[in-house]
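Here the protein sequences come in this chain order: A and B.
When we follow the numbering used here, the leftmost residue of the first sequence carries the number 8, and every step to the right adds one.
When we follow the numbering used here, the leftmost residue of the second sequence carries the number -9, and every step to the right adds one.
Report on the following structure.
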Amino acid sequence: MERLKFVGKRLLYMIVMLFGVATMVFILTKLIPGDPVVANLGQRAMSNPEVVAAYRAKYGLDQPLAVQYFMYMGNLLHLDLGTSIRTNNEVLFELKRCFPATIELALMSIILATIFGILFGIISAVRRNSILDQGVRVISVTGVSIPSFWFALLMLYFLYYKLHLFPGPGRLSNTFSAPETVTGLYVLDSLLEGNTAKAMDALSHLLLPSIVLAAFTMGLITRTTRSNILDVMSTDYIRTAKAKGLSEAGLILKHALGNALIPVLTVIGLGLGNLLGGMVLVETIFNWPGVGQFAYESVTAADYPSIIGVALLIALNYMVINTIVDILYGIIDPRVRCS
Amino acid sequence: MKKKLLALFMSLAVVVSFVGCGGGSGSGSAAESSAVGSAANGGSTGGESADNGSADGGNTVVIAMEGEGLETFDPGYVYEKYAHVVMNACYENLFKFYGNEGTAQPCLADTYEFSEDSLTLTVTLKDGITFASGNPMTSADVAFSINRCKNLKGNPSIMTDTIDSIETPDEKTVVFHLTEPDSAILSKLTYNALAILDSEVAKENGATDAEDASSADTARNYLDGTSAGSGMYVLTKYTPNEEIVLEKNANYWGENASNVDRYVIQLQGDANSQMMTLSTGDIDVALNLTDDTVSELEGNDSVAVLNDPTKTVAFVMMNMDESIGGQVSDPKVQQAIRKALDYKGTQEIVGSGTVTPYSLIQDGFMGSKGTRDVNYTNIEEAKQLLADAGYPDGFDIDLTVTDLAFEGTPLTDLAQKVKDDLALIGINCNIVTQSWAAGYGDAYRDGTLGFTVMYWGVDYADPNVQLEFLPGNSVGLRAGWQADMDPDIAALSKACMEATDDADRTAVLEQIQDATYEYGPFIMIAQAPAHFGYNTRLTGVAVSDPYTLDVTMINIA
């Protein structure tokens, strides 16, 4: 009951915050210089007053700012995010189209980052100051500091172009067509279609961009896991457990890891939120039609409804993830539950 | 513990490698197919899992091209450069360019005739033309398509500026009444936005050619996902930022000489990715290579490269209005700048295949006087001209530039080159960068930029597009070049419009180029090349001015 109350409260906050975000982004997009007419009409067309007037009228840009705002917020109440100035499609439709690609990539990345990050963190902590520890630390620092677009090109160049170990850019090989959309996640949809070869192909296309995107979060998780395990290992209850003769593996897995993972959960949550916002450069290099590319194109076209739509989506991602992380805190750590 | 961790790590590594190599072998098989002449042929891969091949196991060609900016495939709105690849395959026009040289030739038109006063163009349609739907094409479809484009008031509606009204006296005849003689009307009618739509299908899906079409027409979303034309191919799938699929039109009315059954167009903007996927055989044609990536392909026998000039030009603009242009509004200073610029160096920055137009008309257009001699640069002469203008020690000036790229070369790079060149004669440029959508575009349109480097892509393949640079016309006015400043040059614009005879028009175009060779607010500094790469199993791949790539001309050898 308490937990339901907690979730209900968070949902209410989320709705209020989303309207706040919408208002803020709406004002900001109107404040910054940028004219959709200039961004979208050609050099000759923008000199034609009749064409410019028709364009402004079509997208309500000829209305006073206050009218535009109240119209937008009114529509938002009906979950109508408006029409994209650039593509002429509903913004909701565009987000539904590109978000699954980002979700699929983000989930794969966060899974890889979490598995390898925690694993490396444990190894590093257990073998503190050994060559293994130094090696893991080099990997994690590299992962955090390497520019993702450069890492993407590097990975593509060596692992795809030179060594042919991974498939090239795109979500599927040319030999497959996209599966019937159920979830928009190609691996899952291919499995639902009963085509395991296509699912494997989609999975293999996910790997290289996922590894690139996972590098940063994995570095953070490794470092957080290592430092937290080292902290926990020096606490009294671990010393007591050790004195009782518990094996090193039992000590870490049963007693230390649970406590050490709480801050790691925050890092994973933030990492996932970050990934779900889309990564423009990596998406461009890997020809991945996700939210990042959509956001970039919307910004360059001064496509205000789409920009606000993406901002709302990103805000919603963080809110949902934070709520889930808060709930998970309670599950992992009874002290949080009590408080 | 150590062993357990090691075992867990190794298991994960094996899983990752297995899946990775699985995919790799998939793409590898495509690469192998490429070597034997069937890259990306869905049919060749076969099997129940490979479902992207033609149903009959036919030939598939995979093209990679820039997807950013692709907004629509509705003929009434289409304007972006790469959309023409698709439009030209799926739709047809009354006239068409069958190569980069020469003039527009009849396509759907059988015969055409201008009235003596050049104010009426009568076109007769060929017999037996049908749309992909099977509907026969009539003059009503032609009138509907062109009126719709005009009344939608979108980007390409400017193509119909000189069309006053359209009459259809019978099913085969279309009569265009023009507002003024327009020597480029046939070229304009080749433009994809004036392609002929199946009006019955279009109307069923919300299209209208009424005067209020800009608000009443609702067919765009339908036409973005499918085509309703008479072209050799049909648009069967469009996933934004991902891929476009074209299938051969089974109901094509003419002879489809291409043996390509299916095109998969991957929207892949990154030049490095295009180079790698072309090299491995995953794609057959790459449309957005750069100088660097082209050099990476050297020595690859299965890949051929094209570095051919387009009609896109970069230019320096010096405002003629002294209150805006300051020192650069002086014709002597303008000529000094013209003499100081290093055209050869600029060509090297833009890449192999770049040329410098003789003057306002690009090399390759009808009536063009070709290219400017790269040794035109003369620093001593430039210094003297500057001294004659009253600036023996030069001067300081802002050079505004925007965040756009000129066929892959950032305009900021060109501005830096102009700055370096002018420093040699004492003109110190302060480069001011402004975003296109956030300031520069408005200032450029309103003619308030004093000194800038910009580029111009042609709307339709006709030298008349360059008339906009003349005094009193849209681009001329952006440089503060009023018609009354140079009435003789301004008059050439009208003369060119009225010269419906090619020889007469060529003569006027040559006059325009001579008049602006060493005079005026514009200096054309480079005509950009396109860098294409393609698998040598294909024939007919060529850089096309009007269509970027004319896929109807491609065959698999």
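Backbone N, C-alpha and C fix where the C-beta goes; we use that ideal spot for every residue, glycine too.
Predicted model only: the values in this text are computed from it and were never measured.
field: C-beta atoms of B:K329 and B:T283 nearer than 8 Å
entry: As a first step, residue 329 of chain B is located in the second sequence; it is residue number 339 there, counting from the start. As a first step, residue 283 of chain B is located in the second sequence; it is residue number 293 there, counting from the start. A distance of 8 Å or more separates the beta carbons of B:K329 and B:T283.
Selection from A:G41, A:M53, A:D42 and A:L126 that minimises the alpha carbon distance to B:P146: The residue you call residue 146 of chain B lines up with position 156 of the second sequence. Per the Cα distances, A:M53.
message: Please report the straight-line C-alpha distance between B:E286 and B:G59, rounded to a whole angstrom.
response: Sequence index remark: in the second sequence, residue 286 of chain B carries index 296 (1-based). Sequence index remark: in the second sequence, residue 59 of chain B carries index 69 (1-based). The alpha-carbon atoms of B:E286 and B:G59 are separated by roughly 27 Å.
Continuous alpha helix (DSSP H) assignments of at least 4 residues falling wholly in the region 274 to 311 of chain B: If only uninterrupted alpha helix (DSSP H) runs of at least 4 residues are considered, those enclosed by the region 274 to 311 of chain B are 281 to 286.
- request: Starting from B:M222, follow its DSSP beta bridges and name the residues at the other end.
  value: Within the second sequence, the letter at position 232 stands for residue 222 of chain B. DSSP lists no partner for B:M222.
query: Tell me, which residues are paired with B:R252 by DSSP?
result: Position 262 of the second sequence, counting from 1, holds the residue named residue 252 of chain B. In the DSSP secondary-structure assignment, B:R252 is bridged to B:T50 and B:E237.
- prompt: Nearest to B:T216 by CA position, among B:P65, B:Q406 and B:L375, is which residue?
  reply: Start at 1 with the first residue of the second sequence, and residue 216 of chain B comes out as number 226. That would be B:P65, whose Cα lies nearest to the Cα of B:T216.
- request: Return the bridge partner residues of B:N381 from the DSSP annotation.
  value: Position 391 of the second sequence, counted from the start, is the residue given in the question as residue 381 of chain B. One detail in the question is off: residue 381 of chain B reads as Tyr in this sequence, not Asn. The secondary-structure analysis by DSSP pairs B:Y381 with nothing; it has no beta-bridge partner.
- prompt: Around the Cβ of B:E157, are there at least 16 other Cβ atoms within 10 angstroms (buried) or fewer (exposed)?
  reply: Taking the first residue of the second sequence as position 1, residue 157 of chain B is located at position 167. By the 10 Å Cβ count, B:E157 comes out exposed.
- request: For B:T399, name the three-state secondary structure that DSSP assigns.
  value: Counted from its first residue, the second sequence places residue 399 of chain B at position 409. Three-state DSSP puts B:T399 in a strand.
message: Counting only C-beta atoms, is B:W446 closer than 8 Å to chain A at any point?
response: The count along the second sequence starts at 1 and reaches residue 446 of chain B at position 456. It does: the Cβ of B:W446 has a partner Cβ on chain A nearer than 8 Å.
query: What in chain B is Cβ-close to A:A61, meaning under 9 Å?
result: On the first sequence, residue 61 of chain A is found 54 positions in, with the first residue counted as 1. Correct list: L142, K143, G144, S147, S204 and S205.
field: Beta-ladder partner(s) of B:C419, from DSSP
entry: Within the second sequence, numbered from 1, the residue matching residue 419 of chain B stands at position 429. According to DSSP, B:C419 bridges with B:I387.
C-beta contact flag for B:I327 and B:I513 at 8 Å: Residue 327 of chain B sits at position 337 when you count from the first residue of the second sequence. Residue 513 of chain B sits at position 523 when you count from the first residue of the second sequence. Taking 8 Å as the Cβ cut-off, B:I327 and B:I513 qualify as a contacting pair.
query: Should A:M80 be labelled buried (16 or more other beta-carbon atoms within 10 Å of its own) or exposed?
result: Within the first sequence, residue 80 of chain A is the residue found at index 73, counting from 1. Under this definition A:M80 is an exposed residue.
For B:Q472, three-class secondary structure by DSSP: Residue 472 of chain B sits at position 482 when you count from the first residue of the second sequence. In the three-state reduction of the DSSP assignment, B:Q472 falls in the coil class.
- request: Can you give me the start and stop residues for the beta strand (DSSP E) that A:N202 sits inside?
  value: As a working mapping, residue 202 of chain A is identified with position 195 in the first sequence. Where A:N202 is concerned, there is no enclosing beta strand (DSSP E), given that its DSSP letter is neither H nor E.
- request: Report buried or exposed for A:S241, applying the criterion of at least 16 other Cβ atoms within 10 angstroms of its Cβ.
  value: Here the question's residue 241 of chain A lines up with position 234 in the first sequence. With fewer than 16 Cβ atoms within 10 Å of its Cβ, A:S241 is classed as exposed.
- request: Could you name the residues of the same chain whose beta carbon sits closer than 7 Å to that of B:S108, not counting the 5 residues immediately before and after it, in chain order?
  value: Position 118 of the second sequence, counting from 1, holds the residue named residue 108 of chain B. Same-chain partners within the cutoff: P171, E488 and T490.
field: First through last residue of the beta strand (DSSP E) which encompasses B:P519
entry: Residue numbering aside, residue 519 of chain B sits at position 529 when the second sequence is read from its first letter. Where B:P519 is concerned, the enclosing beta strand (DSSP E) stretches over F512 to N525.
task: Compute the distance between the beta-carbons of B:A379 and B:V323, then report whether it is under 8 Å.
output: Locating residue 379 of chain B in the second sequence gives position 389, where the first residue counts as 1. Locating residue 323 of chain B in the second sequence gives position 333, where the first residue counts as 1. Yes. Within cutoff.
- request: Would you mind giving the Cβ-Cβ distance between B:N83 and B:A185, rounded to the nearest angstrom? I have them listed as a contact below 8 Å.
  value: On the second sequence, position 93 is the one that residue 83 of chain B refers to. On the second sequence, position 195 is the one that residue 185 of chain B refers to. Contact flag correct, Cβ pair sits at about 5 Å.
field: Beta-carbon proximity check, B:G343 vs B:P299, cutoff 8 Å
entry: Locating residue 343 of chain B in the second sequence gives position 353, counting from the first residue. Locating residue 299 of chain B in the second sequence gives position 309, counting from the first residue. Taking 8 Å as the Cβ cut-off, B:G343 and B:P299 qualify as a contacting pair.
Cα-Cα separation, A:G128 to A:G142: For the purposes of this step, residue 128 of chain A is taken as residue 121 along the first sequence, with counting starting at 1. For the purposes of this step, residue 142 of chain A is taken as residue 135 along the first sequence, with counting starting at 1. A:G128 and A:G142 have their alpha carbons spaced roughly 11 Å apart.
query: Is the shortest distance between the beta-carbon of A:D42 and the beta-carbons of chain B less than 8 Å?
result: Position 35 of the first sequence holds residue 42 of chain A. Cβ-Cβ to chain B under 8 Å: yes for A:D42.
task: Just the chain A side, please: which residues come within less than 9 Å of B:P159 by C-beta, in chain order?
output: As a working mapping, residue 159 of chain B is identified with position 169 in the second sequence. For B:P159, no chain A residue has a Cβ inside 9 Å of its Cβ, as the nearest lies near 29 Å away.
- prompt: My guess is that B:M266 and A:G175 are in contact by the Cβ rule of under 8 Å, so how many angstroms apart are they, rounded?
  reply: Here the question's residue 266 of chain B lines up with position 276 in the second sequence. Here the question's residue 175 of chain A lines up with position 168 in the first sequence. Indeed, because the Cβ distance is near 7 Å, the residues count as touching under 8 Å.
CA nearest to the CA of B:L460, picked from B:L439, B:A413, B:Y524 and B:L499: Within the second sequence, numbered from 1, the residue matching residue 460 of chain B stands at position 470. Relative to the Cα of B:L460, the nearest Cα in the group B:L439, B:A413, B:Y524 and B:L499 belongs to B:L499.
- prompt: Can you tell me whether B:Y67 is buried or exposed, with buried defined as 16 or more other CB within 10 angstroms of its CB?
  reply: As a working mapping, residue 67 of chain B is identified with position 77 in the second sequence. The residue in question, B:Y67, is buried, as its Cβ has 16 or more Cβ neighbours within 10 Å.
Contiguous alpha helix (DSSP H) assignments of at least 4 residues, all confined to the region 130 to 162 of chain A: Taking only runs of at least 4 residues, the alpha helix (DSSP H) segments lying wholly in the region 130 to 162 of chain A are 138 to 152 and 155 to 162.
field: Interface residues of chain B facing A:S147 [CB-CB closer than 7 Å]
entry: Translated into the one-based positions of the first sequence, residue 147 of chain A becomes position 140. For A:S147, there are no neighbours in chain B by C-beta distance under 7 Å, as the nearest C-beta there is about 15 Å away.
task: Closer than 7 Å by beta-carbon distance: list the chain B residues that pair up with A:Q300, in chain order.
output: Mapped onto the first sequence, residue 300 of chain A falls at position 293. What A:Q300 touches in chain B: N231.
message: Going by DSSP in three states, B:E56 sits in which element: helix, strand or coil?
response: In the second sequence, counting from the first residue as 1, residue 56 of chain B sits at position 66. It is coil, neither helix nor strand.
- request: Measure the C-alpha to C-alpha separation of A:G299 and B:Q501 and round it to an integer number of angstroms.
  value: Numbered from 1 along the first sequence, position 292 holds the residue referred to as residue 299 of chain A. Numbered from 1 along the second sequence, position 511 holds the residue referred to as residue 501 of chain B. C-alpha separation (whole angstroms): 50 Å.
message: Which same chain residues end up closer than 7 Å to B:T496 when comparing Cβ atoms and leaving out the 5 residues on each side of it in sequence?
response: The residue labelled residue 496 of chain B in the question sits at position 506 within the second sequence. Residues of the same chain with a CB within less than 7 Å of the CB of B:T496, apart from the 5 flanking positions on each side, are M356 and G357 in chain order.
message: Check whether the region 303 to 315 of chain A and the region 179 to 198 of chain A are in contact - that is, three or more C-beta pairs closer than 8 Å.
response: A contact between stretches requires three or more CB pairs, one per stretch, nearer than 8 Å, and the region 303 to 315 of chain A fails this requirement with the region 179 to 198 of chain A.
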